[in-house]
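S.K.: So in our numbering, spot 234 of the first sequence is number 910, and the numbers just go up one at a time.
Virtual Cβ for every residue (Gly too), placed ideally from N, Cα, C.
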Amino acid sequence: MPELPEVETTRRGLQPHIEGLCIREIIVRNARLRWPIDANINQYCANQPLQHINRRGKYLLLGLPAGHIIIHLGMSGSLRMAHHSEPASLHDHVDIILDNDAAIRLRDPRRFGAVLWQDGDVNQHPLLAKLGPEPLDGDLATVLWQISRCNVPLKNLLMDSHRIVGIGNIYANEALFDARLSPFRKASTLDLAECNQLANSIRHILETAIIAGGSTLRDFVGVNNQPGYFQQTYAVYGRTGLDCPICHQAIVKTKQAQRSTFWCPECQQ
DNA sequence: ACATCTACCTGGAGGC
DNA sequence: TGCCTCCAGGTAGATG
Numbered sequence: 677m678p679e680l681p682e683v684e685t686t687r688r689g690l691q692p693h694i695e696g697l698c699i700r701e702i703i704v705r706n707a708r709l710r711w712p713i714d715a716n717i718n719q720y721c722a723n724q725p726l727q728h729i730n731r732r733g734k735y736l737l738l739g740l741p742a743g744h745i746i747i748h749l750g751m752s753g754s755l756r757m758a759h760h761s762e763p764a765s766l767h768d769h770v771d772i773i774l775d776n777d778a779a780i781r782l783r784d785p786r787r788f789g790a791v792l793w794q795d796g797d798v799n800q801h802p803l804l805a806k807l808g809p810e811p812l813d814g815d816l817a818t819v820l821w822q823i824s825r826c827n828v829p830l831k832n833l834l835m836d837s838h839r840i841v842g843i844g845n846i847y848a849n850e851a852l853f854d855a856r857l858s859p860f861r862k863a864s865t866l867d868l869a870e871c872n873q874l875a876n877s878i879r880h881i882l883e884t885a886i887i888a889g890g891s892t893l894r895d896f897v898g899v900n901n902q903p904g905y906f907q908q909t910y911a912v913y914g915r916t917g918l919d920c921p922i923c924h925q926a927i928v929k930t931k932q933a934q935r936s937t938f939w940c941p942e943c944q945q
């Protein structure tokens with residue numbers, strides 16, 4: 677489930693293999709992702725140099741002279757490098773073929789992902805224009821203070837990309853546990869010290885996951901179908917009934933806004 | 001304006 | 001073994 681750390685790991689994994697190369701063509705085997713892939717995408721991208729690969733929230737941005745290819749991995753998407761002649765499997769929907777015969781291959785079984793084109797300034801794209809700030813850039817405690825002046829539960833706040841980007845269900849659960857804050861608490865009740873505490877936890881959780889992902893970068897250029905990141909180990913996520921690592925009480929699972937919340941009732945009052 | 005709910009999709013797990 | 005049901009999740013768009 678790609679959240680910010682997995683997307684950033686993907687970006688770092690692809691970067692040395694693609695920057696400076698030319699796109700020969702884009703092969704779309706199945707255009708039916710979250711939004712249909714533009715049938716004319718080759719008109720924008722073929723024979724164009726890949727100048728850089730950036731990230732905005734959970735979106736990967738492939739920079740071409742005239743615009744950007746925007747890729748979102750949804751919840752089951754992964755990118756890896758393959759040789760263009762390597763047979764594609766069932767869910768390998770898109771290949772971006774490069775002029776050295778390599779391919780950036782998108783695999784996405786559940787097709788919640790997206791491959792889009794945006795002319796000119798990529799931040800003008802409707803999906804990017806309204807995104808909140810990056811959690812790892814700037815003063816996160818101040819950002820949290822500013823966005824927390826509202827009446828939503830803390831977990832919903834962290835998962836709302838229009839308020840802050842990059843944090844999905846897994847890392848929202850983990851960050852709130854690390855900060856010893858209840859996922860059900862109303863955001864507006866946080867004081868500055870608690871915003872600071874939560875900022876430290878979010879940074880710690882995300883940076884630790886990125887470092888863990890970095891140790892697996894070699895897998896981006898392999899013959900297997902594994903994405904370039906591994907399942908991390910978590911303190912609360914997916915650990916219903918198991919011991920809290922701090923107080924050893926049982927971790928509880930609750931539905932919150934149609935999503936599973938994992939938390940320790942003792943540590944996160 | 002703001003908060004919450006629904007829909008999209010499919011592999012895997014569990015029950016019978 | 002096979003069929004059925006449920007669950008996971010990001011986010012736009014609809015609804016309250």
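Are three or more beta carbon pairs between the region 767-785 and the region 801-813 nearer than 8 Å?
M.R.: Output reads no: the region 801-813 does not touch the region 767-785.
S.K.: So Gly789 and His748 are in contact, right, with Cβ under 8 Å, and what is the actual spacing, rounded?
M.R.: Indeed, because the Cβ distance is near 5 Å, the residues count as touching under 8 Å.
S.K.: What does a CB cutoff of less than 6 Å around His760 pick up in its chain, not counting 5 residues either side in sequence?
M.R.: Ile773, Asp777 and Ala779, listed in sequence order.
S.K.: Leaving aside the five residues before and after Gly753 along the sequence, list all residues of the same chain whose C-beta is less than 6 Å from its C-beta, in chain order.
M.R.: Asp784 and Gly789, listed in sequence order.
S.K.: Does Cys826 come out as helix, strand or coil in the three-state DSSP assignment?
M.R.: The answer is coil: DSSP assigns Cys826 none of H, G, I, E or B.
S.K.: Please return the same chain residues whose Cβ sits closer than 8 Å to the Cβ of Leu740, not counting the five positions on each side in sequence.
M.R.: Once the five neighbours on either side are set aside, the close Cβ partners of Leu740 are Ile699, Tyr720, Cys721, Gln724, Pro725, Leu726 and Gln727.
S.K.: Since Ala863 and Ser824 are thought to touch, with beta carbons under 8 Å apart, how far apart are those beta carbons, to the nearest angstrom?
M.R.: Indeed they touch by this definition, with Cβ atoms about 4 Å apart.
S.K.: DSSP three-state call for Lys806: helix, strand or coil?
M.R.: It is coil, neither helix nor strand.
S.K.: Less than 7 Å between C-beta atoms, sequence neighbours within five positions excluded: which residues of the same chain meet that for Leu804?
M.R.: These residues qualify, in order along the chain: Arg732, Tyr735 and Val798.
S.K.: I need the DSSP call for Phe938, collapsed to helix, strand or coil.
M.R.: Reduced to three states, the DSSP call for Phe938 is strand.
S.K.: Going by beta-carbon coordinates alone, are Arg856 and Gln944 separated by less than 8 Å?
M.R.: Yes. Within cutoff.
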